[in-house]
Amino acid sequence: MKGTNLGEFEELVLLTVVALIEDAYSVSICDELSNLTGRSIKLGVVHDRLEEKGLVKSELGEATKTRGGKCKRFYQLTIPGKVALVHAKSMRDQLWDHIPSLVWEKV
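Heads up: the sequence shown runs through residues 128 to 234, numbered per the working numbering.
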């Protein structure tokens, strides 16, 4: 089972890639995650790892003058990435469903 489950940060990155749709490139992903988590985010290593696992794929966009002729690398969720996210959500939902409502009343 080791290595088949998503880590929390990997899950957040994948969800952000999906949420940003066509605008999922490194800077926009970092900005979105920073806004949501309040943490400073650097994604280079995570992108590489998620791509190696086959959970995302990337391609270079067109070079732009505003970026000094550099291209943006855009990310897309793959089918295995979608499966991993659905599995993670299902596991979390099952665990939440097992918590008796009485527990929440005591907290």
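Cβ atoms here follow ideal geometry from the backbone N, Cα and C, with glycine treated the same way.
Nearest neighbour of residue i, chosen from the options [CA to CA]
i, options, result
"T205", "G165, W223, T164 and I148", "I148"
"G134", "R219, D224, W223 and A151", "R219"
"S155", "V234, G165, E138 and R200", "R200"
"V173", "L163, S217, T193 and Y152", "Y152"
"G188", "S217, K197 and G181", "K197"
"Q203", "L182, R166 and L222", "L182"
"G171", "E137, G165, L229 and G195", "E137"
Environment of residue i [buried if 16+ CB atoms lie within 10 Å]
i, result
"I226", "exposed"
"A190", "exposed"
"E159", "buried"
"L229", "exposed"
"V140", "buried"
Span of the alpha helix (DSSP H) around residue i
i, result
"A146", "E135 to L147"
_For the structure I just gave you, are there three or more beta carbon pairs, one from the region 177 to 185 and one from the region 133 to 149, closer than 8 Å?_
Remark: three or more beta-carbon pairs, one from each stretch, lie closer than 8 Å, so the region 177 to 185 and the region 133 to 149 are flagged as touching.
Query raised in the report: Taking only runs of the beta strand (DSSP E) that begin and end inside the region 154 to 233, which ones reach a length of at least 3 residues, in chain order?
Result: The region 154 to 233 contains, as complete beta strand (DSSP E) runs of 3+ residues, the segments 183 to 190 and 198 to 204 (chain order).
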